[in-house]
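Peer 1: This is the structure, below, for whatever I ask next.
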Amino acid sequence: MSSQSGGYYLPEPSRWPIVGSIGIFLMAFGAVLTMNSVSGGWYVLLAGAAVIIYMMFGWFGTVIGESESGKYNKQVDVSFRWGMSWFIFSEVMFFACFFGALFYMRILSVPWLDDAETGTLLWNGFTAGWPVSGPGITEQFTPMGAWGLPAINTALLLSSGVTITVAHHALKSNNRAVLNWFMFFTIALGAAFLYLQAVEYSHAYHELNLTLESGAYGATFYMLTGFHGFHVTVGTLMLIVIWVRCLKGHFKPEHHFGFEGVAWYWHFVDVVWLGLFIFVYWL
Amino acid sequence: MEAVHDHDHHQPAGLMRYVTTTNHKDIGSMYLWFSFVMFLMGGVMALVIRAELFQPGLQVVQPEFFNQMTTLHGLIMVFGAIMPAFVGFANWQIPMMIGAPDMAFPRMNNWSFWLLPPAGILLAGSLLAPGGAGGVGWTLYAPLTVQQGMGMDMMIFSIHILGMSSIMGSINIVTTILNLRAPGMTMMKMPLFVWTWLITAYLLIAAMPVLAGAVTMTLTDRHFGTHFFNAAGGGDPVMYQHIFWFFGHPEVYIIAIPAFGVISEVIPTFSRKPLFGYASMVYATASIAILSFLVWAHHMYTVGMPVEAQLYYMFATMLIAVPTGVKVFNWIATMWKGSMSFETPMLFAQGFLFLFTIGGFTGLVLALTPVDIQLHDGYYVVAHFHYVMVAGALFAAFAGVYYWLPKWIGRMYDERLGKIHFWLSIIFFNVTFFVQHFLGLAGMPRRIPDYALQFADWNMVSSIGAFGFGFSQIFFLYILLKAIKSGEKAPEKPWDGATTLEWTHLPTPAPYHSFETPPNLKD
Chain A
232 MSSQSGGYYL PEPSRWPIVG SIGIFLMAFG AVLTMNSVSG GWYVLLAGAA VIIYMMFGWF
292 GTVIGESESG KYNKQVDVSF RWGMSWFIFS EVMFFACFFG ALFYMRILSV PWLDDAETGT
352 LLWNGFTAGW PVSGPGITEQ FTPMGAWGLP AINTALLLSS GVTITVAHHA LKSNNRAVLN
412 WFMFFTIALG AAFLYLQAVE YSHAYHELNL TLESGAYGAT FYMLTGFHGF HVTVGTLMLI
472 VIWVRCLKGH FKPEHHFGFE GVAWYWHFVD VVWLGLFIFV YWL
Chain B
26 MEAVHDHDHH QPAGLMRYVT TTNHKDIGSM YLWFSFVMFL MGGVMALVIR AELFQPGLQV
86 VQPEFFNQMT TLHGLIMVFG AIMPAFVGFA NWQIPMMIGA PDMAFPRMNN WSFWLLPPAG
146 ILLAGSLLAP GGAGGVGWTL YAPLTVQQGM GMDMMIFSIH ILGMSSIMGS INIVTTILNL
206 RAPGMTMMKM PLFVWTWLIT AYLLIAAMPV LAGAVTMTLT DRHFGTHFFN AAGGGDPVMY
266 QHIFWFFGHP EVYIIAIPAF GVISEVIPTF SRKPLFGYAS MVYATASIAI LSFLVWAHHM
326 YTVGMPVEAQ LYYMFATMLI AVPTGVKVFN WIATMWKGSM SFETPMLFAQ GFLFLFTIGG
386 FTGLVLALTP VDIQLHDGYY VVAHFHYVMV AGALFAAFAG VYYWLPKWIG RMYDERLGKI
446 HFWLSIIFFN VTFFVQHFLG LAGMPRRIPD YALQFADWNM VSSIGAFGFG FSQIFFLYIL
506 LKAIKSGEKA PEKPWDGATT LEWTHLPTPA PYHSFETPPN LKD
């Protein structure tokens with residue numbers, strides 16, 4: 232079955248997708264149970280996550296094996312490029328949804344709560360502005376400043392964009408030592424970013440009283456930076472896999488889409504951060 | 026060629042063949058059967074609704090359960106029945122129509138399908154959760170969704186999984202079309218069905234993540250204390266509607282555009298003429314897709330938008346009638362002076378053409394802000410979108426099944442029974458839904474288990490039609506099973522007007538691997 236149809240690699244039947252479906256189902260159902268405080272829900276959720284991790288090792292391992300044994304020709308490579316591009320586009324739309332919510336609240340729904348009729352009849356005394364929690368929330372919070380940790384984090388992520396590019400050039404000129412080192416630097420910068428983000432969240436919760444429940448600002452702040460942080464985490468894990476592969480001598484100067492795909496993803500995460508820095512932290 | 030390859034198949038037998046398969050035909054068949062099962066499930070829910078509405082008063086179900094039925098009926102039909110049906114067509118047909126060996130990512134293709142059963146279990150299983158499924162309507166509007174029980178969470182996660190499936194399926198389809206065409210199969214030579222799926226896949230990749238975001242915000246509002254849809258925290262329930270319909274309106278075209286594609290294959294075949302205005306069909310489809318992202322708030326005329334916004338959405342929506350009109354006129358021009366014959370696929374295509382156009386016209390009526398404010402959330406809207414969804418998308422799917430079934434299974438369906446299925450469907454469809462226009466114009470609201478006495482007669486007629494339509498589809502299942510078990514052997518090319526690759530370059534039934542080596546189509 233793994234016939235080279237016209238040179239295009241067609242994989243044999245695979246059990247990984249169904250394993251992934253079982254994992255997703257357990258995770259989703261476990262999350263439902265956990266959110267509704269059903270005892271044992273956590274175990275279902277964790278079991279699902281374990282199955283997903285098992286699936287990822289198996290599935291990606293298969294793909295890496297196929298790639299390294301030279302089964303992927305030029306046309307398959309182009310398929311991967313299209314596939315990754317459209318996947319990143321779908322991620323762009325996902326973040327666009329939350330950015331849309333942010334702009335809608337800042338520009339429309341918060342000012343509406345303060346305009347003539349609503350302001351006097353419903354929420355007397357509420358003054359619109361940003362950052363704000365909303366008229367029905369009495370608890371005060373301090374917004375997150377842009378020029379402390381977030382600025383350092385911006386510098387870290389932008390630098391990681393440079394280091395991964397250096398690594399890519401090194402890979403193309405077959406300079407493996409530079410490649411390995413700069414992959415390591417990229418991962419270190421990503422990990423440092425995540426660490427500082429954790430520090431920032433802890434600071435926000437403990438000192439600024441800025442929580443998920445802090446109305447419009449809190450919700451958009453945590454959902455946007457939280458989903459971004461999740462994507463950085465995934466990206467860092469992907470970078471680690473690529474780094475390990477580099478250390479093992481995988482990839483060739485002319486054939487390394489696995490590397491490039493992760494680099495694209497990393498740059499995408501970087502660009503989203505710039506949007507966050509400007510619209511969530513700064514303005 | 027088959028024999029050469031048979032010996033190196035390490036293909037598991039029985040059920041495991043379908044669980045592990047990486048073959049686009051196996052996966053296409055699974056999509057189609059899954060869709061049919063969900064269609065029957067959603068259909069039973071529709072019949073619960075119509076049984077309750079047979080007479081005024083509450084006879085059959087409690088209002089809460091009635092609301093769960095309308096909600097699940099909508100979600101199951103949209104995400105479980107219609108969308109997977111057309112993905113099934115895409116899987117079967119696109120590789121054959123462009124001269125490809127399979128889909129670009131066969132393993133991911135398998136996962137796209139096998140994510141559907143878990144999602145379906147969560148969706149339908151939400152009925153068994155404490156408090157039942159969410160009774161919120163398929164649009165899942167906040168703040169009602171925030172006040173529901175555990176079933177709501179199951180539905181939210183089901184939508185996440187369905188979204189993953191759709192996005193992966195779409196990435197696969199786009200990549201297959203862009204990268205796996207046979208030499209000489211240029212973009213503007215592709216069958217229109219392939220074009221419509223390319224555009225639909227783009228819509229899915231752009232729209233599904235937005236829906237995922239919307240239901241995620243619902244989830245965090247429910248459990249994690251955010252205030253996206255709560256004015257007390259600076260949020261706005263209307264924001265949910267904006268985000269939902271930014272997905273929801275393209276979704277309408279995600280359902281309709283592949284249907285256009287099927288019709289654009291069937292009508293030329295049975296008119297024995299090439300499709301009239303091929304290039305204009307491509308451009309019209311693309312225009313519809315682009316416009317579909319710019320008109321979403323026409324679903325929201327009554328929430329209190331500024332009049333300038335209402336005017337914009339009214340005119341932008343009416344603009345969609347232009348490319349849609351181009352398509353309808355092109356289909357008619359294709360038939361003009363054609364040597365037409367009316368086998369079952371063509372009958373369903375004709376049914377589509379008449380009834381979808383009626384649905385399009387009522388859509389134009391509803392696009393008018395002042396009219397819509399009268400008809401909003403009433404049965405006129407219900408009638409409108411069932412003309413588009415059932416007589417549009419579903420009839421196109423029937424046309425496609427009858428058209429391609431000989432190629433898929435190598436056997437013919439019973440033509441006489443197929444025609445009976447068509448006439449039963451189209452008559453009962455109109456009995457069910459045409460009268461709902463009257464109910465809507467008379468002021469009957471939707472999603473209500475009880476109604477005022479003056480609506481009784483037409484509701485009774487509509488319910489009779491619905492049961493008739495439902496049983497006609499059991500008859501369809503019989504026709505399918507009969508064809509698969511004991512249908513006459515299909516000739517190599519049962520439709521003499523067919524010109525696409527699957528009919529001209531492949532034997533009937535199609536071999537397991539479509540094109541081991543791509544056909545050369547240059548000049």
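From first to last, the protein sequence lines are chains A and B.
Following our numbering, the numbering of the first sequence begins with 232 at its first residue and continues without gaps.
Following our numbering, the numbering of the second sequence begins with 26 at its first residue and continues without gaps.
Glycine included, each C-beta is placed from N, C-alpha and C at the ideal position.
Which class does K298/B belong to by DSSP, given the choice of helix, strand or coil?
Peer 2: The answer is coil: DSSP assigns K298/B none of H, G, I, E or B.
Peer 1: According to the neighbour-count rule (16 or more other Cβ atoms, all chains shown, within 10 Å of its Cβ), is L40/B buried or exposed?
Peer 2: L40/B comes out exposed.
Peer 1: Under three-state DSSP, which class holds A28/B?
Peer 2: Here A28/B scores only 38 on pLDDT, less than 50, and its place in the model should not be relied on; the value that follows carries that caveat. Helix.
Peer 1: What are the complete alpha helix (DSSP H) segments, minimum 4 residues, inside the region 305-377 of chain B?
Peer 2: The region 305-377 of chain B contains these whole alpha helix (DSSP H) runs: 332-344 and 346-360.
Peer 1: Roughly how many angstroms separate the alpha carbons of H481/A and E299/A, rounded to a whole number?
Peer 2: Each residue's alpha carbon lies about 7 Å from the other.
Peer 1: Going along chain B, which residues have a C-beta under 9 Å from E516/A?
Peer 2: Since the displayed chain A opens at 232 and closes at 514, residue 516/A lies outside it and no answer follows.
Peer 1: State the start and end residues of the unbroken alpha helix (DSSP H) segment that holds H437/A.
Peer 2: First-last of the alpha helix (DSSP H) with H437/A: R407 to H437.
Peer 1: So, helix, strand or coil for Y496/A, using DSSP?
Peer 2: Looking at Y496/A - three-state DSSP - the assignment turns out to be helix.
Peer 1: Using a Cβ cut-off of 7 Å, pull out every chain A residue sitting near W139/B, in sequence order please.
Peer 2: By Cβ distance, chain A contributes P248, I249 and S252.
Peer 1: Any Cβ of chain A within less than 8 Å of the Cβ of F463/B?
Peer 2: So, not an interface residue.
Peer 1: Would you kindly work out how many angstroms separate the C-alpha atoms of L546/B and Q375/B, rounded to a whole number?
Peer 2: Whole-angstrom Cα-Cα distance: 32 Å.
Peer 1: I want to see whether chain A comes within less than 8 Å of N116/B, judged by CB atoms only; does it?
Peer 2: Cβ-Cβ to chain A under 8 Å: no for N116/B.
Peer 1: How is D33/B classed by DSSP in three states: helix, strand or coil?
Peer 2: Confidence at D33/B is low in this model, with a pLDDT of 46, below 50, so its placement is unreliable and no value can be given for it.
Peer 1: Please name the residue, chosen from L352/A, G331/A, N440/A and R337/A, that lies closest to E370/A on a Cα-to-Cα basis.
Peer 2: Nearest option by C-alpha distance: N440/A.
Peer 1: Classify H462/B as buried or exposed, calling it buried when 16 or more other Cβ atoms lie within 10 Å of its own Cβ.
Peer 2: H462/B comes out buried.
Peer 1: Strictly below 7 Å CB to CB, what residues from chain A border V199/B?
Peer 2: Here the neighbours are W313 and W317.
Peer 1: With 8 Å as the threshold, decide whether the Cβ of N135/B is near any Cβ in chain A.
Peer 2: Yes, because at least one Cβ of chain A sits closer than 8 Å to the Cβ of N135/B.
Peer 1: Taking 8 Å as the CB-CB limit, is F320/A close to chain B?
Peer 2: It does: the Cβ of F320/A has a partner Cβ on chain B nearer than 8 Å.
Peer 1: Output the distance between the C-alpha atoms of P543/B and G124/B, rounded to the nearest integer angstrom.
Peer 2: About 6 Å.
Peer 1: When the distance is taken between beta carbons, is L165/B closer than 8 Å to F269/B?
Peer 2: Yes.
Peer 1: On the DSSP letters alone, give me the boundaries of the alpha helix (DSSP H) that T211/B sits inside.
Peer 2: Run containing T211/B: none; DSSP gives neither H nor E here.
Peer 1: Does the contact criterion of 3 or more C-beta pairs under 8 Å hold for the region 131-144 of chain B versus the region 36-52 of chain B?
Peer 2: Contact between the region 131-144 of chain B and the region 36-52 of chain B is present, because at least three Cβ pairs lie under 8 Å.
Peer 1: Return no unless some Cβ of chain A is closer than 8 Å to the Cβ of P37/B.
Peer 2: P37/B counts as touching chain A.
Peer 1: Buried or exposed: M228/B, going by 16 or more other Cβ atoms within 10 Å of its Cβ?
Peer 2: Rather than Met, the amino acid found at residue 228/B in this sequence is Leu. Classification for L228/B: buried.
Peer 1: Can you name, in chain order, every residue of its own chain whose Cβ lies under 6 Å from the Cβ of W483/B, other than the five neighbours on each side?
Peer 2: Closer than 6 Å at the Cβ level, and outside the excluded window around W483/B, lie V460, F463 and L464.
Peer 1: What did DSSP end up calling G403/B once you bin it into helix, strand or coil?
Peer 2: Three-state result, G403/B: strand.
Peer 1: Between the alpha carbons of P275/B and Y404/B, how many angstroms are there, rounded?
Peer 2: Taking the straight line joining both Cα atoms gives about 22 Å.
Peer 1: For V235/B and chain A, any beta-carbon pair shorter than 8 Å?
Peer 2: Yes, contact with chain A.
Peer 1: Measure the C-alpha to C-alpha separation of G392/A and T417/A and round it to an integer number of angstroms.
Peer 2: Whole-angstrom Cα-Cα distance: 8 Å.
Peer 1: Here's the rule: buried if 16 or more other CB atoms are within 10 angstroms of the residue's CB, otherwise exposed. What is Y436/A?
Peer 2: The residue is exposed, with fewer than 16 neighbouring Cβ atoms inside 10 Å.
Peer 1: When you compare only the Cα positions, how much space is there between T200/B and M315/A?
Peer 2: When rounded, the distance between both Cα atoms is 10 Å.
Peer 1: Are there three or more Cβ pairs, one per stretch, closer than 8 Å when the region 396-410 of chain B is compared with the region 436-452 of chain B?
Peer 2: No, because fewer than three Cβ pairs between the region 396-410 of chain B and the region 436-452 of chain B fall closer than 8 Å, the two stretches do not touch.
Peer 1: Among residues of its own chain, excluding the 5 on either side of T358/A, which ones have a beta-carbon nearer than 8 Å to its beta-carbon?
Peer 2: If we look at T358/A and ignore the five residues flanking it on each side, its Cβ neighbours are D345.
Peer 1: On the three-state DSSP scale, how would you describe H487/A?
Peer 2: It is coil, neither helix nor strand.
Peer 1: Threshold first: 4 residues or longer. Then list the alpha helix (DSSP H) segments lying entirely within the region 60-135 of chain B, N to C.
Peer 2: Counting whole runs of 4 or more residues, the region 60-135 of chain B contains the alpha helix (DSSP H) stretches 88-100 and 108-123.
Peer 1: State the DSSP-derived secondary structure class of K50/B, mapped to helix, strand or coil.
Peer 2: Helix.
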